[in-house]
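Going from the sequence shown to the working numbering is simple: count from 1 and add 556.
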Amino acid sequence: MEHIVVVGGGLAGLRAAERLRELGFDGRLTIFGSERHGPYHRPALSKGMLTGEEHPRDVSLPSYCELDAVWRLNSPVRHLDPRRRLLQLPGGETVRYDGLVIATGVEPRHLEGAPFQDPRVHMLRTLDNSITLQRNIAASRGPVVVIGGGFTGCEVACSMVDIGREVAIVGRSAPLLGNVLGKDLGGRLTDLHRHHGVRLALGVRILHWVPQRYGIALHLSDGQFILAAAVVVSVGSVPSVSWLRGSDLVLEDGVLCEATCHVVGATDVVAAGDVARWPNLRFDNTPRRVEHWLNAVEMGRHAAESLLAGSRDARPFTPMPRFWSEQHGVRIMAAGMPKLGTDTIPLTAPDRGDRVVTGYVREGRLIGIVGLDNPRAVLAWTDELERQTQPRTIPTRNRYLRTPDEGSRSQPRMSAGEREKTQFLLKTQLRTRV
């Protein structure tokens, strides 16, 4: 390969470019980014950037090696022609490549009916979004309302509490983070936010937005009216794949990839980060996206390795997903795929109080863990989780499939007796290890 192009100037794209140089690629390297900023630490947007503790220069991500790359910032790519290995840019410019890394990430999900033309209504995805929101909050005095009860929305609420602002979370589901953590831990986090003064309106829809000179009134489906000086819409994200329409790639909930990160339907193209949907054979062979900071790092590096190795010799990407969040001083640590669990079991003794660790089980096997303020136990159980999810793969025509004796979706849900046995075994291991 003489020319490799990375489309996406964020974390995954940066780590892919670094790995290419580490592995000895000495050809031309071009990185296209749609924003005017270089790579930066995106989790800071809902934390230090909003509280004023950090500034744009503090969150930038420098490269840890000499890239010798051409950076094309503020240059969104418009179209991909994988057969001709050609990228189209605005103004009729075209760029040819020998290898391509797709790392365009995600963009905020649109909320129907929200008056985004009003400068007091914000989305939070880019550094410029965070700067604008912080200035709006600093210039106003009224409540801040967050639409959405996911991790980003909850972290924004925590930041508002930290700077002494009145804040409310409006969400369609209850409890907070229930779709990720389940009812038990989600309920604990909901109580935590309520205890710290966050106003909660959960299980409701917004019927009307009523912009006024002094703020924006939200009319909720339960009859409440909430007045906001600033509104943050945080209702999820969608993969940034519009530039790939018409490329004949499979774009259902992201770019479909093989287990090796090679894009299905294209040669010499890999994908990494939030935009990529691939089968993590550590769990099963169903393609999924993983939107976590560490996954962008690890997948960017692996995608670069796979691109240089070629589809025949590349290894499958089978990471152990890990992520964490801190809310009102409580650290939430997670590993694995908790959302895939069909049952939950406690992995800490009752006398641990609020320092709980919960296991998520599917088909008799531990598949994810989440802990609150208990890093030692989480680390120990992550080791056990890795043992129970060791991937066993066989190559067949450049694709990697789970071996026949591994669990499949067609297997039945655990019976009560099987679940009790699993609880007993896991708790026995807990007493001997933690």
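All residues carry an ideal CB built from backbone N, CA and C; glycine is no exception.
Which residues in the same chain have their Cβ closer than 7 Å to the Cβ of residue i, if we skip the five residues on either side of it in sequence?
i: S777; result: V760, R761 and L763
i: K895; result: V736
i: G727; result: G704, G705 and L758
i: P671; result: V677, W765 and P767
i: M1039; result: Residue 1039 lies beyond the residue range present for the chain, which begins at 557 and ends at 990; the question has no answer from this structure.
i: Q526; result: Nothing can be reported for residue 526, as the shown portion of the chain is limited to 557 through 990.
Between the Cα of residue i and the Cα atoms of the options, which residue gives the shortest distance?
i: R681; options: S796, G856 and L941; result: S796
i: L863; options: R639, A822 and V806; result: A822
i: D899; options: V886, S881 and I923; result: I923
i: I901; options: A891, V788 and Y916; result: Y916
i: H559; options: R697, R575, I725 and D654; result: D654
i: D804; options: R598, G565 and H635; result: H635
i: D869; options: P877, R878, P875 and H858; result: H858
i: E591; options: E609, G564 and R584; result: G564
i: P595; options: L579, L683 and H749; result: L683
i: L837; options: Q946, R639 and L741; result: Q946
i: V913; options: R921, A891 and G920; result: A891
i: R538; options: D740, I725 and W937; result: With the chain running from 557 to 990 in the structure shown, residue 538 is simply not present.
i: K603; options: G566, V717, P835 and R577; result: V717
i: P843; options: P872, S619 and I925; result: P872
What is the DSSP secondary structure of residue i, counted as helix, strand or coil?
i: G569; result: helix
i: R918; result: strand
i: C813; result: strand
i: G771; result: strand
i: Q644; result: strand
i: M889; result: strand
i: Q690; result: helix
i: H635; result: strand
i: P671; result: coil
i: D824; result: coil
i: E722; result: coil
i: T874; result: coil
i: E808; result: coil
i: D899; result: strand
On the premise that residue j lies in contact with residue i, defined as a C-beta separation below 8 Å, what is that separation, rounded to the nearest angstrom?
i: A786; j: V700; result: 5 Å
i: P599; j: W849; result: 6 Å
i: M893; j: P875; result: Actually they do not touch by this definition, with Cβ atoms about 11 Å apart.
How would you call residue i, buried or exposed, if buried means at least 16 neighbouring beta carbons within 10 angstroms?
i: D840; result: buried
i: R652; result: exposed
i: L611; result: Here residue 611 turns out to be His, not Leu, going by the sequence shown. Under this definition H611 is an exposed residue.
i: G648; result: exposed
i: L629; result: exposed
i: D747; result: exposed
i: L733; result: buried
i: G897; result: buried
i: L935; result: exposed
i: T708; result: buried
i: H666; result: exposed
i: R691; result: exposed
Please work out which residues of its chain come closer than 6 Å, Cβ to Cβ, to residue i, disregarding the five sequence neighbours upstream and downstream, and give them in chain order.
i: C714; result: Q883 and H884
i: L535; result: The question about residue 535 has no answer here: the residues shown for the chain are numbered 557 through 990.
i: Q644; result: R634, H635 and T650
i: R845; result: G810 and R833
i: L579; result: L864
Excluding the 5 residues flanking residue i on each side, which residues of the same chain have their C-beta closer than 8 Å to its C-beta?
i: E847; result: V662, S793 and D830
Does the distance between the C-beta of residue i and the nearest non-hydrogen atom of the ligand NAD fall short of 7 Å?
i: G810; result: Absent from the structure shown: the ligand NAD. Ligands present: none.
Does any C-beta atom of chain B lie closer than 8 Å to the C-beta of residue i?
i: V912; result: Here chain B cannot be found, since the structure has a single protein chain.
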